[in-house]
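Peer 1:
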Amino acid sequence: MKEIRLGIKGMTCAACVARVERALKRAEGVEEARVNLTTQEAFLRLKEGVDLKEVLKRVAEAGYELVVARAEIPVKGMTCAACVARVERAIGRLPGVLSVSVNLATEKAFVEYLPEAVSLARIRQAIREAGYEPLEVGEEAREKTPTHQKDLLLAFPFALLTLLLAMGPMVLPLPHAPGLLQALTALPVLYAGRRFFRQALAEARHRSFGMSTLVALGVGSAYLYSFLVLLVPTFFPEQARHLYFEAGAVILALILLGKHLEEGAKGRASEAIRKLLALRPKTARLVQNGEEKEIPAEALIPGDLVRVLPGERIPADGVVVEGKSHVDESMLTGEPIPKAKGPGDQVVGGTVNGEGALLVRVSRAGEATVLAQMARMVEEAQGHKPKAQELADRIAAVFVPVVLGIALFTFLLWLFLGPGLAHAFVAALSVLLIACPCAMGLATPTAIAVATGRAAQMGLIFRKGTALEALARADTVALDKTGTLTLGRPTLVQVLSLGLSREEALRLAAALERNSEHPIARAVLEAAKDLPLPQAEEVRALPGEGVEGRVEGRRLHLGGPALMARLGVPLPKEAQALPEEGYTPLYLAEEGRLLAAFAVSDPPRPEAQEAVAALKALGLRPILLTGDHEAPARRVAEALGIPEVQAGLRPEGKVEALRRLQESGRKVLFVGDGINDAAALAQADVGLAMGSGTDIALEAGDVVLLKPDLRGVPEAILLARRTLRTIYLNFFWAYAYNALLIPVAAGALYPFTGLLLNPMLAALAMSLSSLFVVGNSLRLRAYNPRLTALP
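Quick note on UniProt numbering: the sequence shown kicks off at 1 and runs consecutively.
Printed below as a string of structure tokens:
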């Protein structure tokens, strides 16, 4: 049995307590549940191995919410996939930990836990007990000090000197160097690689082995064997009296070089986050009591007034109070054209002010800004693992012990069946050095890190790394209509004039609607904005029907079919057909006679047709799901080439439609506006929310499209598919490399060629394997999905 405490939100009375207790007791494995209303806590006694997610589910079903905390912990000392698996096991064993994901590329652990059941300090302690160093948030696990570089600069000259002393006499007229001198010149190299031996001891202490174990065993064996040959040569057969100081030194120098290059490449994989955060200005020009003073931008609070001069970055999110300018928001949306800003317009911290000075009232500052949220979401996405990584993690957990077994078997095989001890030693050493699991550990996280960073530059925020894989596999795209396929605002698209010119009809209608805030009235006023409007008199609203008034001495009525029917105004066929064609009709009448008919509609986005065609070209089946009526939905679908329409759906109807598609075996992407489509976005295999660049904080959607451009949807799919291909290529290389070269290192070619793989070449191949995987992932930084290339 184990006992834990849970924090629970939302309880207000004894009935709540009883409800939560009943819900908890229904969860499998819960032996006892007591709930305290005062402390807002639950005390549980659980059987070992109980899935806490089931407990979460029961509480949620009862209408309450467990207090869940999330932590991001930089972890120092991880070198390979086995390290990742060890840290995840150490944290995952703690009671109260709901999920843990460790990313080798960013060297961070992302933990979701119940703070009443386990503390952050205990999680950090578990990381230490596993043999690694948890750092504070903001610290970098990857060393920024030149320690790695210093070790490399120390190792390489002495490794080359040792190689020259050992091999020089074979190719140059040099005296044969004594073995003791080789041992001394190799010692600085051993010191430079001390981190591998230190980590290997920690791995041995916890009986969980990784890359450092392989390196330490390989290099340490070479040194130890050579020292023993020097000290007690008679113990070894004459043909086995070889020194391997130069092999050990060069191997360690090559591995240090490989790790140094790998660290740099991994750093570039997460470069997008640093670039985002670097956009935040350091200072702000605060306006108080008519005076300006410069303060740190991080000191701003909501309500402050700041002045932004031309060419400066806006220090925080806010609303323009005074001034007009154009603001470059390309870092937010990927769109290069600056946007006009004036009083009342929202601006985002980190964007660049253009030609005019602006006075901005701060609405969000510091970690609450859109920029900070973007960086945080990108980091969180990099911490999630797609399913492709799960198999790699399981393999990594047993890989190193298997390699140690293969190395031992190789040694014994060649010792008893082959040429002898020296041959057996070289083969076993090569197996240890060539089988490093670094490439396996880097295959997924580097690709995810680069892809999510590239997506952010394109105006796409992946809230989960798993969304990349789900997006790549989608075969059906369900699209909301209003605000997604359409502009989301009524627009006047047609005027039928009967005895009046188009301009005259617009003038009269707009005069009646001048003071109305109704969306359809706004559409008429927008269409007539360049016309001189006469003054309307005796204007009176007719609830549910329209409006009436006097304009230029004429008694006019403006409204829908119900008003015309009450007034007995006959409608010609073309005017009667407007509702059937999917338009909202507005009729202008005078003394029982129709003067004009206006067709109002929410038109498709200009780029929607191209986006739908691109989705079809990518092999996705488009479906329109909307709460609107059948006629306007059909008109939009026909205009955009969407063959399937389901109209008149309430939010729960959209969820049910998506569920039916999933039950039929479809992998569904749902695209909505992120406001009223939250349930559908959550139900789909992957949800993409259309944002505005300032509503990134929306919790709906696995992916947020910051620019109001539907072409971002097929672009996101292209990026996701390229990322998945990159991950698979990385995995293929990592596994094929080991599958092919471990037998070669073990001496599989010796019977045919009479040659063994040199351990120095094995170390070089191991480093190149990791560099290939990271380099292949880095190619995503330059990927530019082009819809014009689609068939």
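We treat Cβ as the ideally placed atom computed from N, Cα and C, and that holds for glycine. None of these values were measured; they are calculated from a predicted model.
Beta-carbon within less than 6 Å of Ile4's beta-carbon, same chain only, minus the 5 sequence neighbours each way: which residues are those?
Peer 2: Here the set comprises Leu44, Pro95, Gly96, Ala117.
Peer 1: Rounded to whole angstroms, what's the CA-CA distance from Leu625 to Asp480? Just pull it up for me.
Peer 2: Approximately 5 Å, taken between the alpha carbons.
Peer 1: How many Å lie between Val400 and Ala428 at the Cα?
Peer 2: Taking the straight line from one Cα to the other gives about 14 Å.
Peer 1: Where Gly323 and Asn353 are concerned, what is the direct C-alpha to C-alpha distance, given to the nearest angstrom?
Peer 2: Near 11 Å, if we compare the C-alpha coordinates of Asn353 and Gly323.
Peer 1: Kindly indicate which three-state DSSP category Leu37 falls into: helix, strand or coil?
Peer 2: Residue state, collapsed to three classes: coil.
Peer 1: Kindly give me the distance between the Cβ atoms of Val189 and Ala253, rounded to whole angstroms, as I take these residues to be in contact under 8 Å.
Peer 2: Going by Cβ atoms, the distance from Val189 to Ala253 rounds to 6 Å, so yes, they are a contact pair.
Peer 1: DSSP three-state label for Gly290, please.
Peer 2: The answer is coil: DSSP assigns Gly290 none of H, G, I, E or B.
Peer 1: Can you tell me which of the three DSSP states Tyr587 falls into?
Peer 2: Looking at Tyr587 - three-state DSSP - the assignment turns out to be strand.
Peer 1: Quick one: complete alpha helix (DSSP H) runs, 4+ long, within the stretch 298–382?
Peer 2: As far as the stretch 298–382 is concerned, its whole alpha helix (DSSP H) runs of at least 4 residues are 330–333.
Peer 1: If you run the structure through DSSP and keep just helix, strand and coil, what is Gln609?
Peer 2: Gln609: helix per DSSP, three-state reduction.
Peer 1: For the pair the stretch 744–751 and the stretch 466–474, tell me if three or more CB-CB distances fall below 8 Å.
Peer 2: No contact exists between the stretch 744–751 and the stretch 466–474.
Peer 1: Check whether the stretch 636–655 and the stretch 610–626 touch, using three or more Cβ-Cβ pairs below 8 Å as the test.
Peer 2: Yes, since at least three Cβ pairs between the stretch 636–655 and the stretch 610–626 fall closer than 8 Å, the two stretches touch.
Peer 1: In chain order, what residues of the same chain have a beta carbon less than 8 Å from the beta carbon of Leu620, not counting five sequence neighbours either side?
Peer 2: Result list for Leu620: Ala474, Asp475, Thr476, Val477, Leu669, Ile717, in chain order.
Peer 1: Apply the 10 Å Cβ neighbour rule to His557 and answer buried if 16 or more other Cβ atoms are within range, or exposed otherwise.
Peer 2: Buried is the call here.
Peer 1: Using three-state DSSP, classify Phe209 as helix, strand or coil.
Peer 2: If DSSP states are grouped into helix, strand and coil, Phe209 belongs with coil.
Peer 1: Can you pull the DSSP bridge partners for residue 842?
Peer 2: Look at the range of the chain in this structure, 1 to 791, and you will see that residue 842 is not part of it.
Peer 1: I'd like the span of the beta strand (DSSP E) that includes Asn103, first residue to last.
Peer 2: 97–103 is the span of the beta strand (DSSP E), which, as asked, contains Asn103.
Peer 1: Give a yes or no on whether the C-beta atoms belonging to Ala27 and Glu65 are separated by under 7 Å.
Peer 2: No, Cβ-Cβ distance for Ala27 and Glu65 is not below 7 Å.
Peer 1: Using the three-state DSSP reduction, which class does Lys667 fall into: helix, strand or coil?
Peer 2: Coil.
Peer 1: Taking the C-alpha atoms as reference points, what is the distance between residue 825 and Ala33?
Peer 2: The structure shown does not extend to residue 825, since the chain spans only 1 to 791, so no value can be given for it.
Peer 1: Between the stretch 586–596 and the stretch 479–499, can you find at least three pairs of beta-carbon atoms closer than 8 Å?
Peer 2: The stretch 479–499 is in contact with the stretch 586–596.
Peer 1: Residues in the same chain with beta-carbon distance under 8 Å from Ile406, minus the five sequence neighbours each way, listed in chain order, please.
Peer 2: Cβ within range, chain order: Val431, Ala435, Ile742, Ala746.
Peer 1: In chain order, which beta strand (DSSP E) runs of at least 3 residues are fully inside the stretch 553–580?
Peer 2: Those beta strand (DSSP E) runs which fall completely within the stretch 553–580 and span 3+ residues are 554–559.
Peer 1: Please determine whether the Cβ atom of Arg540 lies at a distance below 6 Å from any heavy atom of the ligand MG.
Peer 2: Inclusion of the ligand MG in the displayed structure is not the case, the ligand content being empty and no account of it being possible.
Peer 1: Gly775 by DSSP, collapsed to three states: which one?
Peer 2: DSSP places Gly775 in helix when its eight states are reduced to three.
Peer 1: Within 10 angstroms of its Cβ, does Asp304 collect 16 or more other Cβ (buried), or is it exposed?
Peer 2: Buried: at least 16 other Cβ atoms inside 10 Å.
Peer 1: Mind listing, in chain order, the continuous alpha helix (DSSP H) runs of no fewer than 4 residues lying wholly within the stretch 715–756?
Peer 2: Listed in chain order, the complete alpha helix (DSSP H) runs (minimum 4 residues) inside the stretch 715–756 are 750–753.
Peer 1: Note down the Cα distance separating Leu415 from Leu231, rounded to an integer number of angstroms.
Peer 2: Whole-angstrom Cα-Cα distance: 22 Å.
Peer 1: What are the partner residues of Tyr113, as DSSP defines its beta bridges?
Peer 2: In DSSP, Tyr113 forms a bridge with Ala69, Val97.
Peer 1: Could you tell me the distance, in whole angstroms, from the CA atom of Gly693 to the CA atom of Ile314?
Peer 2: At Gly693, the pLDDT of 47 sits below 50, so the modelled position is not reliable and the matter cannot be decided from this model.
Peer 1: At which residues does the alpha helix (DSSP H) containing Ala15 begin and terminate?
Peer 2: 14–26 is the extent of the alpha helix (DSSP H) around Ala15.
Peer 1: Apart from the five residues just before and just after Leu790, which ones in its own chain have a Cβ nearer than 6 Å to its Cβ?
Peer 2: Excluding residues within five positions, the ones whose Cβ falls inside 6 Å are Ala614, Ala617.
Peer 1: Measure from the alpha carbon of Ala375 to the alpha carbon of each residue in Glu292, Ile461, Leu571, His423, then state which is nearest.
Peer 2: Nearest of Glu292, Ile461, Leu571, His423 to Ala375, Cα basis: Ile461.
Peer 1: DSSP three-state call for Met458: helix, strand or coil?
Peer 2: DSSP places Met458 in coil when its eight states are reduced to three.
Peer 1: Within 10 angstroms of the Cβ of Thr234, are there 16 or more other Cβ atoms? Answer buried if so, exposed if not.
Peer 2: Answer is exposed; the Cβ neighbour count stays below 16.
Peer 1: Taking all protein chains shown into account, do 16 or more other C-beta atoms lie within 10 angstroms of the C-beta of Thr482, making it buried, or fewer, making it exposed?
Peer 2: Classification of Thr482: buried, given that the 10 Å Cβ count is 16 or more.
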